[in-house]
Amino acid sequence: MNKTDTALMKLVARVGEIGFSLAVEHLVEVVQLDVGDIDATDVDGSGPELGTFLFRDQPLVLVDLGQAFVLKTADIEAEVPVLVMSGEQGLWGAVVGSVEGVYPESSFTTRDLPISLICTGQKLYSQLDIWRGEPLVCLEPYKIDRYRHAGSL
Amino acid sequence: MFASSPTRSTGTAMLDHSKTVVFRLKGDGFALPVQGIDHIVQTPRLFPLPLLDEKFRGVFIFDENVLPLYNLYRFLGVEADNFSDSSPFTILFMTEFGKIGLPADEVLRIVDNSSGSMEKVDKDYGAIADRCFVFAGTRYPLLSEATLLADLTGSRGNIRI
Chain A
14 MNKTDTALMK LVARVGEIGF SLAVEHLVEV VQLDVGDIDA TDVDGSGPEL GTFLFRDQPL
74 VLVDLGQAFV LKTADIEAEV PVLVMSGEQG LWGAVVGSVE GVYPESSFTT RDLPISLICT
134 GQKLYSQLDI WRGEPLVCLE PYKIDRYRHA GSL
Chain B
2 MFASSPTRST GTAMLDHSKT VVFRLKGDGF ALPVQGIDHI VQTPRLFPLP LLDEKFRGVF
62 IFDENVLPLY NLYRFLGVEA DNFSDSSPFT ILFMTEFGKI GLPADEVLRI VDNSSGSMEK
122 VDKDYGAIAD RCFVFAGTRY PLLSEATLLA DLTGSRGNIR I
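Protein chains in written order, with the working numbering: chain A, 14 to 166; chain B, 2 to 162.
Right under this line is the structure:
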């Protein structure tokens, strides 16, 4: 698949009861991570960061996407799917509940978040994808990583 | 009973500024100016969104757009036990911030304004209504674009009586 093709695909993942979409151009890889591979040494548990994990021999920050979006999720099981994505300061990983698949962009209808929802203060996402009759939150990995670095998650 | 009824044309028809819709929600009655109503539909499937303010119950899809459902229940002291507890009708109301869905258990009637009168609102509804539409002896807090936007933005404008 060439670069042009991958830019026209979106991945669908779920965290709790919320569906998320991610343009594949922002996705580096989906990995299955064993809980034992997470280094939680410097984690105080106050935020969504779970620790670090090794990806291609490099330690990357691992974020619980459910916690970042304040969602009710089950405890992390033995193995979890992780989206490795581009961020403000390099790659980072986000734990999700499940990955549904990758689909052509043409099957999504992108809409800006209604202004009435923005004016009440939420800033972590600004667009929704209507996919198969359901609104999915468009993941913005750079924005989420920026807020994480700012300590705003 | 109203279902999937557009109350104003998107063409060149004149907007009706002289009528009010009265509807019920959990036993309480409310009023809305007809001029602001876009559609009244059977409530579509509601979806949750993360970080949704308590002022909204969820979102729904209508005409390939995602619209929020305003949480009118919170003014009635009604706690939603579960997300699927929705009213059978949704009134799509136009505001400067786009269309907003308002839940309704029953849409009672469209009333000519000359058949009723306006009065001060009870203090309990001061947050979302600055007047009551009085019809057939019943007082219906009158929702409007101004009061809804004031609630959404957390601002308090001048209260007209």
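No residue lacks a Cβ here, since even glycine has one placed at the ideal position from N, Cα and C.
As the structure is a computational prediction, the values presented were derived from the model and not from experiment.
Item: Endpoints, beta strand (DSSP E) assigned at ARG124/A; Value: 121-125
Item: Near-chain A residues of the segment 19-33 of chain B (beta-carbon distance less than 9 Å), N- to C-terminal order; Value: none
Item: Backbone secondary structure at VAL129/B - three-state DSSP; Value: The sequence shown places Ile at residue 129/B, rather than the Val named in the question. If DSSP states are grouped into helix, strand and coil, ILE129/B belongs with coil.
Item: Cβ shell of PHE84/B (< 7 Å), same chain only, five flanking positions each side left out; Value: Residue placement at PHE84/B is flagged as unreliable, the pLDDT there being 49, under the threshold of 50; the coordinate-derived value follows with that caveat. Correct list, in chain order: LEU47, PRO49, GLY59.
Item: Backbone CA spacing between ARG190/A and GLN102/A [nearest angstrom]; Value: Outside the displayed span of chain A (14 to 166) sits residue 190/A, for which this structure offers no information.
Item: PRO173/A burial status per 10 Å Cβ neighbour count (16 or more: buried); Value: Here chain A has residues from 14 to 166 only, and residue 173/A is not among them.
Item: Residues sharing a beta bridge with LYS20/B, DSSP; Value: ASP113/B
Item: Beta-carbon neighbours of PHE48/B, restricted to chain A and to distances below 8 Å; Value: GLU147, PRO148
Item: Coarse secondary structure for LEU33/B, derived from DSSP in three states; Value: strand
Item: ALA130/B versus PRO34/B, GLY138/B, GLY28/B, HIS40/B, residue with shortest Cα-Cα distance; Value: PRO34/B
Item: Beta-ladder partner(s) of VAL115/A, from DSSP; Value: LEU24/A
Item: Chain B contact for PRO61/A (CB, 8 Å cutoff); Value: no
Item: Closest Cα partner of ILE128/A within the set ALA105/B, CYS133/B, PHE98/B, TYR126/B; Value: PHE98/B
Item: Uninterrupted alpha helix (DSSP H) stretches inside the segment 40-119 of chain A (no shorter than 4 residues); Value: 78-81
Item: Other residues of its chain near GLU146/B: CB distance less than 8 Å, five sequence neighbours each side excluded; Value: GLY37, PHE94, MET95, THR96, GLU97
Item: Residues that ARG140/B bridges to, as DSSP identifies them; Value: VAL135/B
Item: Burial state of ASP39/B, where buried means 16 or more other Cβ atoms lie within 10 Å; Value: buried
Item: Between the CA atoms of ALA91/A and LEU70/B - distance to the nearest angstrom; Value: 38 Å
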